[in-house]
Structures are given as C-alpha cells and as structure tokens.
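Chemist: Residues 38 to 112 in our numbering are what the sequence shown spells out, letter by letter.
Every residue gets a Cβ at the ideal spot worked out from N, C-alpha and C, and that includes glycine.
The structure under discussion is supplied below as structure tokens; questions concerning it will follow.
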Amino acid sequence: MTPIPTIDYDRELFHEKTVRSVTANTKQDGLDLLREAAAIPIRPRTQRFGLEEANLALRMLKAGTINGAGVLAVG
C-alpha cells in the first residue's frame, strides 16, 4: 500500500486560493483588455452562498448553472 503523503496545512489548506487561467496572451493583450473593460464598463456577476449552502453551490458549479462567479461566504 502506498503511504499517504504529508500535507503542509499552513501552505495548502488554510489560506484563500484563487485559480486563474490565461491562454497565450501578451502584456499588450492584457493592457488592451483593461482599457476596454474600463470603457464598457464591465460589471461582474456574483452569486453568494452561505457556508450551509456549500453543497448546493458545488452542484450548481458542476451543472454550469451559476451565472458569473459563485462566492462562498463564511461567517
């Protein structure tokens, strides 16, 4: 049986993480996008879930039914 690897809890679990994906963009592409975003203006859409709704949020994320970004509020 393979041993279970140790986890650095402080580094891997207890800090907020953000995952972003960028595909083949240049610095100029980013500057152009920010200029356009300021001119439009872009209004982000969020859907707030309480901690007790975490399972619902995960099901909706899997189903693709969250319009915008799902936010899990703790406390």
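Is R72 close to the ligand ZN? I mean its beta-carbon at under 7 angstroms from any heavy atom of the ligand.
Modeler: What this structure holds is no ligand at all, so the ligand ZN is not there to describe.
Chemist: Whose C-alpha, out of K99, G105, E89 and R48, is nearest the C-alpha of R82?
Modeler: Numbered from its first residue, the sequence shown carries residue 82 at position 45. Sorting K99, G105, E89 and R48 by C-alpha distance to the C-alpha of R82 places G105 at the top.
Chemist: Helix, strand or coil for R85, going by three-state DSSP, please let me know.
Modeler: Within the sequence shown, residue 85 is the residue found at index 48, counting from 1. Strand, per DSSP.
Chemist: Between the C-alpha atoms of L93 and K99, what's the straight-line distance to the nearest angstrom?
Modeler: Your numbering for residue 93 matches position 56 in the sequence shown. Your numbering for residue 99 matches position 62 in the sequence shown. Approximately 10 angstroms, taken between the alpha carbons.
Chemist: Under three-state DSSP, which class holds A61?
Modeler: As a working mapping, residue 61 is identified with position 24 in the sequence shown. Note: A61 maps to coil in three-state DSSP.
Chemist: Ends of the alpha helix (DSSP H) at D47?
Modeler: As a first step, residue 47 is located in the sequence shown; it is residue number 10 there, counting from the start. Here the alpha helix (DSSP H) through D47 covers Y46 to E49.
Chemist: Kindly indicate which residue of L95, L88 and M97 has the alpha-carbon position closest to the one of G112.
Modeler: The residue labelled residue 112 in the question sits at position 75 within the sequence shown. Considering only alpha carbons, the answer is L88.
Chemist: Are the Cβ atoms of G107 and F86 separated by less than 8 angstroms?
Modeler: Within the sequence shown, residue 107 is the residue found at index 70, counting from 1. Within the sequence shown, residue 86 is the residue found at index 49, counting from 1. Yes. Within cutoff.
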